[in-house]
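Okay, so here's the structure we're looking at.
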Amino acid sequence: AVRFANGKLQRPDSLRFTVYRNRDTAHPRKKHRRILVSETERLCYVGHNFGSEVMKCNSLCRYFVGVLDKNSGQMEVYNAEIFNMQPLLSGRVLGVTAARLLCPPHSCLVPSAWSKDHSFTCAGREGELSESRVEVRLGGTHRRAAGFVFSWCFKVCLCPVQMDLCIEAFGTSKQKRALSSRRMNAVGTDIVSTAVTKAAANVIGAKGVTALVQDVAQDDGQNISAFLPPCHEDADSPERVYKFEDILSPAEYEALRVPAAALASITTEELAKRAEERSHCSFVLEELKFLPTDEKSRDHKARCLWFLDTLIKFSHLKVIKKKHPLGPECPHIISRKLMKNFSSLTYNDGSIQNLISASMKAKITAYAIALALHINNFQTDLTILQNDMKLPESRILDIAKALRLRVSKAKGGPGLEDDQNHKLGTLSLPLPVQKAPEGQRKRRKIN
């Protein structure tokens with residue numbers, strides 16, 4: 001019994017069916033495998049009783065076909081299987097119409113893969129036209145179709161145009177919508193190439209090549225500067241290259257007076273206790289040992305160290321869910337600055353959350369280095385900052401070079417991994433020229 005997947009037949013009597021069975025009759029599973037092929041005026045259909053797309057009903061139920069003998073009035077009952085017939089729409093060489101003109105009147109078109117696969121054989125032989133018959137159920141009636149089988153097979157292929165025609169006739173609504181959308185959006189490659197070439201020629205003729213190169217360089221600089229503190233290349237001193245006001249505004253600096261007072265008045269015993277508890281990062285703990293004696297300078301450095309410590313702690317967060325992620329002691333203006341400038345909004349689980357992405361962590365690192373330069377007279381230990389921010393060395397060196405720092409090697413300070421070569425970043429005038437790490441990019445591609 002057969003069932004056609006894409007509709008009902010208008011003329012069942014015009015169909016021709018061919019059955020192919022597996023040659024390995026000794027195999028317990030392969031001997032039951034069958035391939036059923038039928039041909040209509042427009043398409044060839046294929047069904048099989050094995051594989052991943054086989055119908056489940058054959059394994060759940062048993063089916064029978066009854067054939068009534070009109071002469072004797074008796075009905076013979078046969079075991080039956082249901083084949084789901086799918087249209088054959090693969091290939092690109094010949095269409096069904098062209099193939100039909102080359103075929104004998106009683107032949108059946110089958111896929112070329114079966115003609116090469118000798119594991120399947122026809123149910124009969126050419127010239128026998130004998131008792132090899134197939135029980136076929138069409139439209140609720142029972143018919144007996146002769147299985148005229150021939151020893152040769154013909155390759156059927158469809159070109160893309162014929163595939164589209166088949167989709168128009170038999171495709172699902174989703175396939176038809178995709179076909180309509182593809183046709184609406186189809187634009188010739190030569191038309192696009194001509195339009196792009198003409199537009200490029202007009203732009204080059206209007207602005208010139210030199211102006212275009214300058215615009216591209218300016219755009220690249222703007223993209224990089226989005227994650228770096230504002231750089232004043234025409235500054236006459238290192239402290240004016242990255243202005244302190246661009247890192248902390250006067251209002252934000254004033255808000256740090258209260259929380260930084262505890263650092264300004266810290267004693268040696270309290271510092272040892274905080275180092276044991278690791279309540280601050282290594283950079284801050286090391287700098288707290290060398291607070292100036294002058295009250296104004298001491299207060300200024302304490303404020304800078306408190307904000308740097310807060311900035312590094314903020315970089316360790318992944319997703320910010322709390323209203324005050326750094327605690328109630330953090331001033332509201334500072335908390336708002338961190339959330340607005342150093343986190344990105346994301347939509348997750350039906351709510352909007354603040355996320356510390358990789359680009360935002362790079363921005364935090366750049367501002368932390370710039371602030372550390374102001375704290376340490378424009379020379380800072382990049383290795384200590386790298387360990388505090390949990391970054392690979394190549395990452396922090398790339399950011400330091402983007403900040404136009406000169407990187408050198410130096411031994412670590414007392415108690416800070418003396419055997420390790422630390423990287424020092426120095427900001428000095430004139431600023432070095434930025435160079436793209438071409439060799440590093442090639443190594444990354446190879447890896």
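Going left to right, the sequence shown walks through residues 1 to 447 as UniProt numbering numbers them.
Just so it is clear, CB atoms sit at the ideal spot from N, CA and C, and this is done for glycine as well.
The structure presented is a predicted model; accordingly, all values stated were derived computationally and were not measured.
key: Ser315: first and last residue of the uninterrupted alpha helix (DSSP H) it sits in   = That run of the alpha helix (DSSP H) goes Glu295 to Ser315.
ask   = Thinking C-beta only, is Gly47 closer than 8 Å to Val2?
value = Val2 is a Cβ neighbour of Gly47, given a cutoff of 8 Å.
query = Run through DSSP, which three-state label would Arg177 get?
reply = It is helical.
task = Give the single residue among Lys70, Ile82, Phe83 and Gly66 whose Cα lies nearest to the Cα of Glu76.
result = Considering only alpha carbons, the answer is Gly66.
ask   = Gln379 by DSSP, collapsed to three states: which one?
value = Residue state, collapsed to three classes: strand.
Spatial distance of Leu403 from Lys313 (CA atoms) = Whole-angstrom Cα-Cα distance: 22 Å.
message = Please report the straight-line C-alpha distance between His106 and Leu68, rounded to a whole angstrom.
response = Unreliable placement is indicated for His106, whose pLDDT of 36 sits below 50; the coordinate value is still reported in the next sentence. Between the C-alpha atoms of His106 and Leu68 there is a straight-line separation of about 27 Å.
query = Per DSSP, what kind of secondary structure is Gln10 in: helix, strand or coil?
reply = Reduced to three states, the DSSP call for Gln10 is coil.
Cut-off 7 Å between Cβ atoms - residues of its own chain near Cys304, not counting five sequence neighbours on either side = Excluding sequence neighbours, Cys304 sits near Leu371, His374 and Ile375.
task = Measure the Cβ-Cβ separation of Ala400 and Leu429 and say whether it is below 8 Å.
result = Inclusion of Ala400 and Leu429 in the CB contact set at 8 Å is not warranted, their separation being larger than that value.
task = Below 8 Å CB to CB, which residues in the same chain sit around Phe64 once its five sequence neighbours on both sides are set aside?
result = Cβ neighbours of Phe64 beyond the five flanking positions: Val77, Tyr78, Asn79 and Ala80.
key: Status (buried if at least 16 other CB within 10 Å, exposed otherwise) for Ser315   = So Ser315 counts as buried.
inquiry  = In this structure, how does DSSP classify Asn185 when only helix, strand and coil are distinguished?
reply    = DSSP places Asn185 in the helix class (H, G or I) of the three-state scheme.
query = Are the beta-carbon atoms belonging to Tyr242 and Pro250 less than 8 Å from one another?
reply = With respect to Pro250, Tyr242 sits apart: the two C-beta atoms are not nearer than 8 Å.
query = Who pairs with Val67 in a beta bridge, going by DSSP?
reply = Checking the DSSP bridge columns, you'll see Val67 partnered with Glu76.
ask   = Start and end of the alpha helix (DSSP H) containing Val161?
value = Here the alpha helix (DSSP H) through Val161 covers Pro160 to Phe170.
key: Buried versus exposed call for Ser38 [16 or more other C-beta atoms within 10 Å across all chains shown]   = Classification for Ser38: buried.
ask   = Does Thr268 get closer than 8 Å to chain B when you measure Cβ to Cβ?
value = Absent from the structure: chain B. Only one protein chain is present.
task = Return the CA-CA distance between Ile396 and Asp236, expressed in angstroms with no decimal places.
result = One C-alpha to the other measures close to 26 Å.
task = Can you tell me which of Ala368, Thr365 and Tyr20 puts its alpha carbon nearest to the alpha carbon of Lys31?
result = Of Ala368, Thr365 and Tyr20, the residue nearest in Cα terms is Tyr20.
ask   = Do you know offhand how far Asp220's Cα is from Asp246's?
value = Caution applies to Asp220, whose pLDDT of 47 falls short of 50 and renders its modelled position unreliable; the model cannot decide the point.
query = Roughly how far, in whole angstroms, is the beta-carbon of Tyr45 from the beta-carbon of Pro87, given that I think they are within contact range, below 8 Å?
reply = Indeed they touch by this definition, with Cβ atoms about 6 Å apart.
request  = Spell out the partners DSSP gives His48 in its beta bridges.
outcome  = Note: His48 sits in a beta bridge opposite Ile35.
inquiry  = Give me the residue from Lys289, Gln10 and Ala5 with the minimum Cα distance to Phe83.
reply    = For the residues Lys289, Gln10 and Ala5, the minimum Cα distance to Phe83 belongs to Ala5.
Cut-off 8 Å between Cβ atoms - residues of its own chain near Glu317, not counting five sequence neighbours on either side = The sequence shown places Leu at residue 317, not Glu. Same-chain partners within the cutoff: Pro325 and Ile356.
key: For Leu405 and Pro432, the rounded distance between their alpha carbons   = C-alpha of Pro432 to C-alpha of Leu405: approximately 7 Å in a straight line.
request  = Indicate whether Arg298 and Ala272 have their beta-carbon atoms separated by less than 8 Å.
outcome  = No, the Cβ-Cβ distance between Arg298 and Ala272 is not below 8 Å.
inquiry  = Beta-carbon within less than 8 Å of Leu256's beta-carbon, same chain only, minus the 5 sequence neighbours each way: which residues are those?
reply    = Excluding residues within five positions, the ones whose Cβ falls inside 8 Å are Leu248, Arg303, Trp306, Phe307, Pro331 and Ile334.
Cross-strand partners of Pro87 (DSSP beta bridge) = BP columns for Pro87 point to Tyr45.
ask   = Is Tyr347 buried or exposed, if buried means 16 or more other CB atoms sit within 10 Å of its CB?
value = By the Cβ-count criterion, Tyr347 is exposed, with fewer than 16 other Cβ atoms from all chains shown falling within 10 Å of its own Cβ.
message = How far does the beta strand (DSSP E) with Ser282 in it extend, from its first residue to its last?
response = Element bounds for Ser282: not the beta strand (DSSP E) but the alpha helix (DSSP H), Ser282 to Leu288.
request  = Please work out which residues of its chain come closer than 7 Å, Cβ to Cβ, to Ser343, disregarding the five sequence neighbours upstream and downstream, and give them in chain order.
outcome  = Taken in chain order, the residues that qualify are Ile320, Asn354, Leu355, Ile356 and Met360.
request  = Report yes if the C-beta of Leu345 is less than 7 Å from at least one heavy atom of the ligand ATP; otherwise report no.
outcome  = In the structure shown, the ligand ATP is absent, as is every other ligand, since no ligand is present at all.
ask   = Helix or strand or just coil, what does DSSP make of Gly327?
value = The answer is coil: DSSP assigns Gly327 none of H, G, I, E or B.
task = Find out if the Cβ-Cβ distance for the pair Ile364, Leu311 is shorter than 8 Å.
result = It is a contact, given that the beta carbons lie within the stated cut-off.
message = Does Leu355 come out as helix, strand or coil in the three-state DSSP assignment?
response = It is a strand residue.
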